[in-house]
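The sequence shown begins at 240 in this note's numbering and counts up by one.
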Amino acid sequence: MTKQKKRWILKLYIAGQTTKSITAFANIKKICEEHLKGKYSIRIIDLLKNPKLAKGDQILAIPTLIKQLPLPLKKIIGDFSNTQKVLVGLDIVAKK
C-alpha cells in the first residue's frame, strides 16, 4: 500500500503587480518551498483582471490566501511576512 501525499491547493488573490502583491507572493512561495516542497500549488488571481472572481470566495481584502485543500478551507489576509502565523493558518503546524 502506498502512502498518499497530502497536497495543499492554494489561491492567492492580488490586485495588480503592486509591491504589496509581489511581497505577498514571494513570502508565501518561500514558506511553501520550505515547508511543503513538492506538495502544493498556488493559483494567482488578479482582481484587476478578473474582479468578478472575488465574489465567489467572498474576498474583502487583498492580498488574501485561500487554502482549498486539505480541508477545512481557510483564509489568511496580509503580506504573509509572519511565517509562524501562516504555518498555523495553513494547518502545517499546530497552534501553540
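The beta-carbon is built from N, C-alpha and C at its ideal position, and this holds for glycine as well.
Quick caveat: nothing in here was measured; it's all calculated off a predicted structure.
Taking a contact to require three or more Cβ pairs closer than 8 Å, the region 263–282 and the region 290–298 do not qualify as touching.
Beta-bridge analysis with DSSP links Leu308 to Ile248.
For Ile331, no beta strand (DSSP E) segment is defined, and its DSSP state is neither H nor E. Its chain contains Asp285 and Leu287 as the residues whose beta carbon lies nearer than 7 Å to that of Gly255, once the 5 sequence neighbours on both sides are disregarded; these appear in chain order.
Per the coordinates, the alpha-carbon of Gln307 lies some 8 Å from the alpha-carbon of Lys250. In this structure, Asp318 and Thr257 do not form a Cβ contact; the two beta carbons are roughly 11 Å apart against a cut-off of 8 Å.
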